[in-house]
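Participant:
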Amino acid sequence: MPSRPASHTCAAPTAPPDQSRPVASPIGLATASPIFCCTSQETSVSENEKRTRKPNGESTIYFGKDGRWHGRVTVGVKDDGTPDRRHVSRKTKAEIHKAVRELEKKRESGVMPKPGKPWTVKLWLAHWVENIAKPVISVNTYAGYEVAVRVHLTPGLGAHRLDKLEPEHIERFYARMKAQGSRAATVHQSHRTLRAALNEAVRRRHLAVNPARLAKAPKPDGDEEEVEPYSLEEVARLMDAAADRRHPVRWFLALAIGLRQGEALGLKWIDLDLDNGVLRVRRSRLRPKYAHGCEKPCGRKPGYCKQRKPIRPATKETKSRAGKRPIGLPPQLLPMLKLHREQQERSKENARQLWEEGGWVFTDDVGRPVNPRYDWDEWKRLLKAAKVRDGRLHDARHTAATVLLLLGIPDTAVDGIMGWEPGGAMRRRYQHMTAPVLKNIADKLGHALWPTVNLAPEEIAARVKEALDSAPGEAPDDGDDNGGGEPVGAN
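For the sequence shown, the residue numbers in the numbering used here are -12 to 478.
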């Protein structure tokens, strides 16, 4: 009978190990030594003890020449298709067993961090906003994300390791933003941006859970959510004053059917069926944005550079399926729109070769779409002319919605006109509106609004014609629209 190696502590004799084959433990332990018998104790490892190869995919434990225990676990596949083998090292056998089991548990639960250098919040946000989000979101949404990342999130949270970011870190960051004077709406924009970025990190297994979903953002201030629509008397004064302004129909559309600013300025004549009195919303005007076109720095902002180059398209498709909708036009608006088109044709003849034909309903003197900043300024001038309290341009939209509800128009019809999706439901409200229904709503709306105006529709049309003939030219589009006004894509 062969003698038992000195390190064995079991009573039964053990045959010498086959040096050409490893003796595997239940978790894939590979060794050429008898120290792993049924009741073995930790002992010193002989110099001739060597690590042996295990079948592909199995975890392996071995004692290294450095005097430490090592474990290797296959947790998946790398981007290049090779196995992703993770290595851990511990001082004792018990510790290496525990470490290997933890890796296997993470592998089975699908929360194994990806290989490579750990992400910081700064690096992940920069990668996410430019390479993941930008190609698939709208220009306006990207602009909001980019500002939140650059101005707020990176300076406030960027130094944290991504996988070490906790909800408490995020909540303290929000509190600092508020203490430094940021509005609640700004804090919420940062919160939404961070949540979206970390959702993607979870989806790609860089994080197990999204800490931004656990963190609580400050509630919006009450005065930020309150909206006070204009009364019918105020609407009457605005419409009366609008007849003397450039593009009167622009304001009639805002107050009567609640078009968003971007939707109104993005209208083209192909979107209007004046014979049947239907307007179709398909696109939205974007704020201009420019880059320098000069070879040497001119010292100006990009929008004021003489060789500036536009880097943002003029329009984008309407932001949702519900936003792409037909709207019945009140009969009083139809002659005004026809008159507006005739005046535009005269402006085109006067501009001659300077005219840039784009089919826009509302243009400057040479056919370009109206700049949203100029449009916002014109709204402020209209409020003063009508001697109506100051308000946001978007309040005209809320006013239109309020009037529709006061008229008792069904909720589904109001949703279709305004382009809303109550409860987040993705459906086209206008699919339930036949032509007779659209006409009925338009008639109700026209009779509710225009009788409150001191002038009859024919008289308004005459004044509109007179105003269009004598209207001053639109201010030139000077520079970036970086301040003043409101988001073009507001709800």
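Backbone N, C-alpha and C fix where the C-beta goes; we use that ideal spot for every residue, glycine too.
Report, in whole angstroms, the separation of the C-beta atoms of R179 and R200, which I expect to be a contact under 8 angstroms.
Facilitator: 11 angstroms between Cβ atoms; not a contact.
Participant: Could you check which residue in P70, L391, R237, T305 has the C-alpha nearest to that of W366?
Facilitator: Comparing Cα positions, the closest option is R237.
Participant: By DSSP's criteria, E304 is part of a beta bridge. Which residues make up the other side?
Facilitator: R270, per the DSSP bridge assignment.
Participant: Which of the three DSSP states is assigned to R191 in this structure?
Facilitator: It is coil, neither helix nor strand.
Participant: The beta strand (DSSP E) spanning R76 covers which residue range?
Facilitator: The amino acid at residue 76 is misidentified as Arg; the sequence shows Ser. Where S76 is concerned, the enclosing beta strand (DSSP E) stretches over 70 to 77.
Participant: Which residue wins for smallest C-alpha separation from E329, given the options A241, H234, R274?
Facilitator: H234
Participant: Just mark W256 as buried or exposed, buried being the case when its beta carbon has 16 or more other beta carbons within 10 Å.
Facilitator: exposed
Participant: Just to confirm my understanding: we take L341, look at its own chain, exclude 5 residues before and 5 after, and list those with CB closer than 6 angstroms. What are they?
Facilitator: V353
Participant: Which value, in whole angstroms, describes the spacing of the CA atoms of V108 and L240?
Facilitator: 45 angstroms
Participant: Let me make sure I understand the geometry here. Which of K93, G143, V268 has the alpha-carbon closest to that of A195?
Facilitator: K93
Participant: So, is P142 buried or exposed, given that buried needs 16 or more other C-beta atoms within 10 angstroms?
Facilitator: Exposed, by the Cβ-count rule.
Participant: Where do the N-terminal and C-terminal ends of the alpha helix (DSSP H) with I244 fall, by residue?
Facilitator: 235 to 244
Participant: Kindly indicate the opening and closing residues of the alpha helix (DSSP H) around H156.
Facilitator: 154 to 166
Participant: Verify whether the separation of the beta carbon atoms of G228 and A373 is less than 8 angstroms.
Facilitator: It is worth fixing the name first, because residue 228 is Ala in this sequence and not Gly. Closer than 8 angstroms, so yes.
Participant: Evaluate T47 with the Cβ neighbour count: other Cβ atoms within 10 Å of its Cβ, from every protein chain shown; 16 or more gives buried, anything less gives exposed.
Facilitator: By the 10 Å Cβ count, T47 comes out buried.
Participant: Looking at C-alpha atoms only, which residue of S169, L254, A86 is the closest neighbour of T350?
Facilitator: L254
Participant: Measuring alpha carbon to alpha carbon, tell me which residue in A251, Y132, P70 is nearest D362.
Facilitator: A251
Participant: Can you give me the C-alpha to C-alpha distance between F50 and G97, rounded to a whole angstrom?
Facilitator: Rounded to whole angstroms, F50 and G97 show a C-alpha spacing of 28 angstroms.
Participant: Just how far apart, CA to CA, sit E221 and V375?
Facilitator: Roughly 6 angstroms between the two C-alpha positions.
Participant: Helix, strand or coil, according to DSSP, for N263 in the structure here?
Facilitator: coil
Participant: Indicate the three-state DSSP secondary structure (helix, strand or coil) for H57 in the structure shown.
Facilitator: strand
Participant: Hey, quick one: how far does the beta strand (DSSP E) through Y49 stretch, first residue to last?
Facilitator: 47 to 50
Participant: Buried or exposed for G345, going by 16 or more other Cβ atoms inside 10 Å?
Facilitator: That one is exposed.
Participant: Can you name the residues that DSSP bridges to G63?
Facilitator: D71
Participant: Residues in its own chain within less than 8 angstroms of G378 by CB, not counting five upstream and five downstream?
Facilitator: E215, Y217, L370
Participant: Buried or exposed: which applies to G68, given that a residue is buried once 16 or more other Cβ atoms fall within 10 Å of its Cβ?
Facilitator: Answer is exposed; the Cβ neighbour count stays below 16.
Participant: Tell me whether P13 is buried or exposed, calling it buried when 16 or more other Cβ atoms sit within 10 Å of its Cβ.
Facilitator: Caution applies to P13, whose pLDDT of 43 falls short of 50 and renders its modelled position unreliable; the model cannot decide the point.
Participant: Mark P300 as exposed unless 16 or more other C-beta atoms lie within 10 angstroms of its C-beta, in which case mark it buried.
Facilitator: Exposed.
Participant: Which of the three DSSP states, helix, strand or coil, is assigned to R148?
Facilitator: strand
Participant: Quick one: what does DSSP say A278 is sitting in, helix, strand or coil?
Facilitator: Looking at A278 - three-state DSSP - the assignment turns out to be strand.
Participant: Label Q248 either buried or exposed according to how many other C-beta atoms from any shown protein chain fall within 10 Å of its C-beta, with 16 as the threshold for buried.
Facilitator: buried
Participant: Could you pull the DSSP bridge partners for G315 from this structure?
Facilitator: V265
Participant: Got a sec, what are the start and stop residues for the alpha helix (DSSP H) S334 sits in?
Facilitator: 320 to 338
Participant: By the DSSP assignment, the alpha helix (DSSP H) with R368 in it spans what residues?
Facilitator: 359 to 373
Participant: CA-CA distance, Y417 and A166?
Facilitator: Its pLDDT being 32, under 50, Y417 is placed unreliably in this model, and the value from its coordinates should be taken loosely. Those two C-alpha atoms are separated by around 45 angstroms.
Participant: Does the segment 315 to 334 come close enough to the segment 269 to 282 that 3 or more CB-CB pairs lie under 8 angstroms?
Facilitator: no
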